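Protein chains: 4
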Amino acid sequence: MIPIQKITVIGGGSTYTPEFVDGFIQRREQLSVGEIALYDINAERLELVGGLVRRMAAHAGLETTVATYTNRPAAIEGADFIISQIRVGGVDARIRDEKIPLKYNVIGQETTGPGGFMKAMRTIPATLDIARDVERYAPNAWYLNFTNPSGIITEALLTHTPLKVVGLCNNPINAIMAIAEYAGVPDEEVFLDWVGLNHLAWIRRAWVKGRALEIEELVQLASQHGHFPFEPDLIRLLGMLPIGYLAYYYYHDEAVREAQRAGKTRGEVVKEVEGELLKMYADPNLVVKPPELMKRGGAYYSEMAVRLITSLLTDRRDVQIVITRNNGCILDLPASASIEVPCVVGAHGVSPLHVGHLPEIIRPLVQTVKAYEQYAVEAGVSGSRETALKALFTHPLVPSYSVAKAMLTELLEANKEYLPQFFGKKS
Amino acid sequence: MIPIQKITVIGGGSTYTPEFVDGFIQRREQLSVGEIALYDINAERLELVGGLVRRMAAHAGLETTVATYTNRPAAIEGADFIISQIRVGGVDARIRDEKIPLKYNVIGQETTGPGGFMKAMRTIPATLDIARDVERYAPNAWYLNFTNPSGIITEALLTHTPLKVVGLCNNPINAIMAIAEYAGVPDEEVFLDWVGLNHLAWIRRAWVKGRALEIEELVQLASQHGHFPFEPDLIRLLGMLPIGYLAYYYYHDEAVREAQRAGKTRGEVVKEVEGELLKMYADPNLVVKPPELMKRGGAYYSEMAVRLITSLLTDRRDVQIVITRNNGCILDLPASASIEVPCVVGAHGVSPLHVGHLPEIIRPLVQTVKAYEQYAVEAGVSGSRETALKALFTHPLVPSYSVAKAMLTELLEANKEYLPQFFGKKS
Amino acid sequence: MIPIQKITVIGGGSTYTPEFVDGFIQRREQLSVGEIALYDINAERLELVGGLVRRMAAHAGLETTVATYTNRPAAIEGADFIISQIRVGGVDARIRDEKIPLKYNVIGQETTGPGGFMKAMRTIPATLDIARDVERYAPNAWYLNFTNPSGIITEALLTHTPLKVVGLCNNPINAIMAIAEYAGVPDEEVFLDWVGLNHLAWIRRAWVKGRALEIEELVQLASQHGHFPFEPDLIRLLGMLPIGYLAYYYYHDEAVREAQRAGKTRGEVVKEVEGELLKMYADPNLVVKPPELMKRGGAYYSEMAVRLITSLLTDRRDVQIVITRNNGCILDLPASASIEVPCVVGAHGVSPLHVGHLPEIIRPLVQTVKAYEQYAVEAGVSGSRETALKALFTHPLVPSYSVAKAMLTELLEANKEYLPQFFGKKS
Amino acid sequence: MIPIQKITVIGGGSTYTPEFVDGFIQRREQLSVGEIALYDINAERLELVGGLVRRMAAHAGLETTVATYTNRPAAIEGADFIISQIRVGGVDARIRDEKIPLKYNVIGQETTGPGGFMKAMRTIPATLDIARDVERYAPNAWYLNFTNPSGIITEALLTHTPLKVVGLCNNPINAIMAIAEYAGVPDEEVFLDWVGLNHLAWIRRAWVKGRALEIEELVQLASQHGHFPFEPDLIRLLGMLPIGYLAYYYYHDEAVREAQRAGKTRGEVVKEVEGELLKMYADPNLVVKPPELMKRGGAYYSEMAVRLITSLLTDRRDVQIVITRNNGCILDLPASASIEVPCVVGAHGVSPLHVGHLPEIIRPLVQTVKAYEQYAVEAGVSGSRETALKALFTHPLVPSYSVAKAMLTELLEANKEYLPQFFGKKS
């Protein structure tokens with residue numbers, strides 16, 4: 041039985057929160073958590089979600105205290121783990137991120153392209169603000185970032201705070217689960233040579249029960265799973281399996297046209313789902329995670345959090361695919377870059393397995409997106425319009441300087457109230 | 041008086057040839073050339089151009105022998121310098137290079153993008169064939185490549201032959217001349233910190249009479265010269281001056297639309313100009329380079345050739361901007377890459393001034409175009425359709441995998457007769 | 041129960057062999073080995089050792105076949121694992137390696153310095169010969185190299201064969217065991233940040249039950265264990281713990297004087313021990329590994345072999361410290377260098393944890409010794425005296441060019457009969 | 041006629057100063073210097089030397105003002121060039137630097153080994169103090185460092201000041217002159233591929249009138265010139281020509297024994313020479329540089345200074361071998377390292393020709409000495425005894441940790457009065 045004193049969830053009013061807590065309920069034989077601290081700026085929603093979570097814990101017979109806080113220092117103080125899952129500007133800002141780029145024939149998306157850029161601009165100041173509190177009130181805590189765009193936010197934290205930070209995303213675990221299902225084995229028997237950045241990654245090779253899959257098996261797998269919507273010939277050309285987000289790059293024209301034709305954006309769908317979820321959460325008879333939560337996305341988030349926390353605490357030294365600092369692990373990227381690669385996780389921390397050079401067929405795309413990300417981190421911290429323009433101008437999906445300039449102006453204006461670094465502090 | 045035994049011009053039937061020879065006429069006080077050997081596969085045109093050149097030499101009182109050859113070994117044997125300026129498929133192939141990509145909303149251009157790619161595919165086998173003769177008949181000769189796309193062709197030569205190769209392009213000298221004119225000084229008083237690849241270069245800093253120009257002077261210069269068609273704000277954002285070819289990247293949409301609207305391609309214009317020039321050349325009374333040759337483009341080509349040859353022969357050790365092997369000079373590119381940078385030229389050869397890291401705002405574009413170029417060299421040598429597809433797929437102006445695939449099929453088919461490496465030897 | 045068809049021990053007549061086999065006896069619940077094939081060029085000794093091993097297996101109730109071979113292809117054919125533990129020239133050559141350098145005031149040692157160099161020169165041709173048989177008769181086998189100098193021999197194999205090679209040395213496991221004993225915990229609870237080359241490594245940090253040891257704890261540990269004979273101040277200056285072999289570098293003068301004063305070399309002691317062991321082995325009543333084998337050294341060799349084999353076969357993906365190819369893992373060393381670092385071992389193979397830059401205080405020593413090792417590999421393969429001289433001249437313990445030259449001549453002459461690459465094939 | 045307003049010589053009381061001034065006298069047709077400002081802390085000696093220099097200028101009909109200063113800000117204010125040639129502790133300190141290491145069987149030398157280390161420790165604080173004045177009173181001046189150990193002092197300046205710094209040493213020009221003499225050509229016709237650090241350099245290749253010398257010509261050259269005291273076989277092994285200082289590394293034992301046997305150190309000789317020179321300088325009838333100054337060493341110092349100044353001022357863009365910041369020019373060394381390589385010198389500054397990887401046979405020695413130098417810079421600035429110990433411990437000529445420790449204690453104690461950073465400010 042591994043004891044954890046306190047876990048703090050920043051953005052605890054999220055509809056995801058019951059998913060997290062369910063993870064600890066599933067592992068109650070293994071992990072004994074003293075307190076789950078939920079912090080949010082939206083007190084009403086926090087109480088609503090907190091209420092459900094408390095009922096879930098009680099129903100499961102957990103001895104964990106579930107506390108809600110709107111005072112951030114109090115929420116953070118003494119925590120062993122900080123879990124960040126915030127959404128600055130809420131789902132309405134996301135919908136704008138999705139719609140504005142489409143006007144310029146550029147994909148609008150929560151994490152990829154100009155949409156992800158704007159989310160980063162809104163999120164970085166808020167995140168660094170939280171980090172300052174963690175430095176003061178829980179300096180030895182592990183800071184687990186789930187907030188998107190996770191690669192950029194994690195890099196901002198790694199570069200601008202001294203905290204112990206790990207970035208997380210459910211893409212790797214989803215891929216492992218999909219391959220395990222495809223091969224009919226438990227997920228422990230799948231091992232992936234995963235390489236790239238968050239939301240810009242490839243499976244160079246997959247092993248199932250110690251056997252490396254042939255490229256044709258990857259092609260077949262891709263044809264069966266929604267995560268991998270690529271033509272067989274493209275997979276063969278690459279010699280590896282791209283994750284689904286790569287479709288925004290490899291089939292950009294098609295993706296833009298499809299999004300322009302679509303009735304609702306993903307954000308609009310999520311908004312409806314969340315409305316329904318919150319109604320359910322309000323029901324005092326609900327004492328378990330509702331199955332409708334699956335529609336929200338974010339599969340296996342709690343699984344990942346629990347696995348990471350367990351390995352850090354128990355010195356398991358198993359391999360997990362997370363977001364960490366490059367330091368030369370991928371020789372073609374700057375030392376300061378955040379990367380997403382297999383890492384050994386133990387009490388000593390998170391050690392990436394060495395990668396070396398990227399395959400040439402993906403190298404320039406990764407270098408370009410990383411250059412964009414590094415400008416984005418810098419712009420998000422400094423509020424420099426020039427640096428922000430450099431970020432969009434560098435992004436491979438932005439077709440020209442003219443488009444970068446026009447789109448930036450519109451995006452900044454639309455997000456004005458969430459961009460203290462660009463427009464001065466909100467009163 | 042510096043003696044040169046023999047200079048061989050491959051593609052000697054080009055309408056440029058009188059320009060070259062004129063360069064030696066201008067320097068007759070300094071350089072004494074034994075033989076100018078003109079080689080071409082088109083005997084008729086060779087005699088036409090050769091006739092003019094002979095009359096020019098006689099008229100100028102040059103003691104140089106002007107000889108024409110359709111036997112390549114004989115043309116090459118004993119040469120001190122090989123000058124290559126070939127055009128496989130002639131101007132008609134160029135016109136196809138310009139038109140096909142436009143159908144896919146991608147720029148069609150002699151050297152940039154898919155057009156330049158096809159020119160490389162046609163040119164690499166022919167060039168390496170010539171190089172084999174040089175290895176055998178003039179292994180110690182300097183091989184000066186003027187053939188476009190000069191960066192790719194030079195890299196093919198540097199990678200696949202043991203010859204002493206230098207690549208040349210008139211972009212740098214044109215920029216120097218433009219700045220000298222702007223500043224009202226002789227070109228010797230201009231010094232440029234030029235960095236990048238052939239046709240993908242930037243002037244990081246320009247000195248005039250030892251004084252570094254301010255960015256606003258570069259902005260003003262750009263507004264006065266056709267070579268630099270960029271908005272002031274873009275130049276300020278970059279903090280340096282891009283060469284004209286960068287407009288295809290920075291304003292791709294606009295460039296495509298303009299080309300689609302234009303009546304004639306540049307190739308079509310050149311075809312007419314060349315027809316007129318050849319008529320003039322046939323006139324037995326013409327004994328000097330006709331002024332109409334200026335319309336052909338290629339300003340200062342002979343000037344560059346003569347300067348390079350002079351420095352190599354006389355150990356001048358002055359700085360010239362040429363195309364050479366990277367070897368780590370630009371830290372962000374592979375050792376084998378051809379780069380275009382200032383070099384010291386002397387009897388020992390061509391030594392690039394160290395560059396270090398590229399400015400971040402241009403780094404990913406240069407890395408991406410170089411990755412494309414390296415695939416292009418590989419495809420041009422091997423004739424692998426897979427590698428050719430990787431080249432186009434990697435090119436930053438090709439918007440998607442689907443476009444790359446469709447365009448490649450059409451381009452290869454249209455160039456079939458010039459692509460022995462892809463389609464087997466012509467009978 | 042993990043089935044292994046066949047394990048082949050090259051140098052099976054070694055007195056170590058019972059130690060290896062004992063490892064499999066200890067794990068008989070876990071590993072089921074079809075055949076242990078012992079190969080040696082010394083048939084008499086092979087039978088003597090093979091006899092004991094057969095009795096051990098029978099006594100333990102193992103169902104494994106123990107077979108002896110003097111036909112190498114037959115020994116290798118069908119093996120899953122090749123274990124190499126050869127000693128070309130036997131212990132007499134070792135004694136010469138120890139004595140000759142001392143005449144030049146340079147340490148004489150089995151693996152470090154000119155002694156190790158000569159062992160490499162004798163061993164490389166024999167090893168590559170074996171490797172050719174493995175390529176032919178068991179191309180998919182894992183080749184586990186125990187033969188010293190293990191870093192150099194492993195690099196020769198990694199560079200000159202396509203085989204799947206891992207190098208092993210008991211230094212890391214000895215350190216782990218020593219720290220476990222010091223801390224009073226099982227060895228699984230020790231985790232080391234180990235970095236360097238084989239026999240030139242440092243413990244940057246040690247964790248015990250997930251807690252990092254303070255530098256003063258490392259000082260105290262060093263004072264209690266023979267493996268770490270360093271002054272407290274030196275350990276503090278380094279900020280890490282050097283392995284024992286570093287004493288030859290950090291206290292070279294003292295080491296030479298001590299060796300010059302000593303009555304017997306380690307080789308001479310080993311020779312006596314081996315004589316006694318072989319007498320014991322001949323006793324038909326001996327059915328277990330005799331305790332006197334401990335005197336021979338090589339503690340935990342079988343433990344390491346069994347652990348590595350188990351992880352490779354069962355896809356355990358645990359961390360083991362072995363010798364593998366650098367590929368940029370240590371940014372300050374060539375890609376082709378063999379390095380000794382923590383690796384994840386699974387069915388996919390051996391993946392080093394990324395290291396990055398070496399600490400500055402050890403970097404030049406590691407770079408220098410690696411440069412020596414790379415010359416040694418090249419000389420061992422080519423038999424070039426010039427390259428051999430470069431190796432010794434580069435070695436940090438060889439004080440001058442003059443000493444390098446004189447010592448090389450004497451060493452080569454003394455080892456003439458084992459150096460076909462330098463002196464031509466033995467008849 | 042190139043006008044220079046003011047040149048300031050720091051350490052103007054040096055016996056070298058007339059040599060410098062003579063350089064400007066020789067070029068009076070070309071350079072017109074307004075003021076030569078001589079600064080020294082030793083007022084008496086300054087007037088003595090200043091007197092001679094004034095007489096020299098008057099005798100030569102120079103219109104230059106020669107002014108002497110003991111007020112450093114006044115001396116520096118408005119200077120275009122600062123020339124630093126200081127000797128903290130004077131020649132007596134040098135003699136100690138030469139003698140103390142020999143007790144430990146390590147070479148004692150002005151710039152190489154522990155002697156050079158101590159000179160650096162004394163010189164760095166004084167140099168950075170001067171640099172602070174230059175930052176304030178002549179921030180755009182070029183700072184030319186002649187002070188030894190010039191590589192370390194130049195690196196300290198490049199790392200710890202924002203000034204425009206170039207390091208100079210007469211080794212390269214001496215080699216050029218020696219080769220020119222050997223080949224019977226003017227020095228302009230010699231071109232060297234020189235690579236390494238200051239006082240740790242090699243001539244990879246030498247061209248004479250555009251022809252590369254064969255290795256046997258380098259062997260012959262070495263046998264005729266005192267600068268190159270190496271066995272033919274060593275030169276052939278290296279495949280290049282080491283400069284004389286390399287003998288301290290390649291023949292360390294012999295160098296130590298010779299120095300131990302020698303009656304007087306070089307410092308003791310210099311002390312006598314300087315005494316005689318100062319007596320001559322005092323003679324009011326002396327109006328030219330006395331020929332005895334040659335004995336002092338430092339041939340061509342003024343030649344180098346004048347060449348460098350001329351190229352910087354007139355934008356000559358010729359190649360000169362000077363000490364500058366690495367920035368990746370030599371791929372095997374840190375970006376911050378000072379290196380000694382051929383550079384293009386013009387109004388834009390000093391641009392090194394790209395080197396790439398060092399030849400393997402010299403690489404580890406250069407890496408080790410540079411690591412030592414970087415510790416030396418750090419220790420010289422910080423006064424950390426730990427860092428100073430790391431410097432000596434890293435030096436390839438210091439045989440062991442024990443020797444490093446003992447020698448450091450003695451050296452620091454002996455230099456106490458000149459080491460404010462280690463012992464606190466002098467009152």
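Protein chains in written order, with the working numbering: chain A, 41 to 467; chain B, 41 to 467; chain C, 41 to 467; chain D, 41 to 467. Even for Gly, the Cβ is constructed at its ideal location relative to N, Cα and C. Source: prediction; values computed, not measured.
Query	Result
Three CB pairs or more closer than 8 Å across the segment 43-52 of chain A and the segment 65-81 of chain A	yes
The segment 140-147 of chain A touching the segment 311-322 of chain A, judged by at least three CB pairs closer than 8 Å	no
Start and end residues, beta strand (DSSP E) containing B/Y121	The amino acid at residue 121 of chain B is misidentified as Tyr; the sequence shows Phe. That run of the beta strand (DSSP E) goes F121 to S124.
Range covered by the beta strand (DSSP E) that runs through B/E332	Per DSSP, B/E332 belongs to no beta strand (DSSP E) and is neither H nor E.
Cα-Cα separation, A/I275 to A/K329	38 Å
Residues, ordered as in the chain, of the segment 387-403 of chain C that lie near chain D by beta-carbon distance below 8 Å	E400, I401 and R403
Beta-carbon contacts of B/V128 that lie in its chain and below 7 Å, excluding the five residues immediately before and after	R162, T163, A166 and Y458
Limits of the alpha helix (DSSP H) - the one that D/N185 falls within	Per DSSP, D/N185 belongs to no alpha helix (DSSP H); it is in the beta strand (DSSP E), W182 to N185.
C-beta neighbour in chain F for A/H239, strict 8 Å	Chain labels in this structure do not include chain F; the protein chains are A, B, C and D.
Contacts of A/D355 in chain C (Cβ-Cβ under 8 Å)	E229, F231, W247, K249 and G250
Cβ of C/N180 within 8 Å of any chain A Cβ	no
Segment limits, beta strand (DSSP E) that includes A/F270	Counting along the chain, A/F270 falls outside any beta strand (DSSP E), and DSSP gives it neither H nor E.
Bounding residues of the alpha helix (DSSP H) (the contiguous stretch that carries D/D291)	Residue 291 of chain D is actually Tyr in this sequence, not Asp. Unbroken run through D/Y291: none, as it is neither H nor E.
Under the three-state DSSP convention, the category B/S263 falls into	helix
Neighbourhood of D/S467 by C-beta, 8 Å cutoff - its chain only, sequence neighbours within 5 removed	Interpretation of D/S467 is limited by its pLDDT of 44, a score under 50 that renders its predicted location unreliable; the figure taken from the coordinates is listed afterwards. Nothing meets the Cβ criterion.
Cut-off 8 Å between Cβ atoms - residues of its own chain near C/H394, not counting five sequence neighbours on either side	C369
Enclosing alpha helix (DSSP H) for C/K456 [first to last residue]	No alpha helix (DSSP H) holds C/K456; DSSP gives it neither H nor E.
is_contact[D/G337, chain B] using C-beta, thresh 8 Å	no
Per-residue contacts from A/D169 into chain C (C-beta, under 8 Å)	The contacting residues do not exist; A/D169 stays about 30 Å from chain C at best.
Where the segment 425-440 of chain D meets chain C: residues whose CB sits under 8 Å from a CB there	E426, L429, K430, F433, T434, P436, P439 and S440
Run of the alpha helix (DSSP H) containing B/V12, from where it starts to where it stops	Residue 12 of chain B is absent from the model: chain B starts at 41 and stops at 467.
Residue-chain proximity (D/G420, chain B), Cβ-Cβ < 8 Å	no
Whole runs of the alpha helix (DSSP H) within the segment 138-207 of chain B, excluding any shorter than 4 residues	153-177 and 190-200
Residues in the segment 355-375 of chain B having any Cβ partner in chain D nearer than 7 Å	D355, R357, D358, V359, N367, G368, C369 and L371
Within chain C, partners of A/V443 - CB distance below 8 Å	Within 8 Å Cβ-Cβ: nothing; A/V443 doesn't reach chain C, min ~37 Å.
Residue range of the unbroken beta strand (DSSP E) whose run includes C/G389	G389 to P392
First and last residue of the uninterrupted beta strand (DSSP E) at A/I370	Run containing A/I370: none; DSSP gives neither H nor E here.
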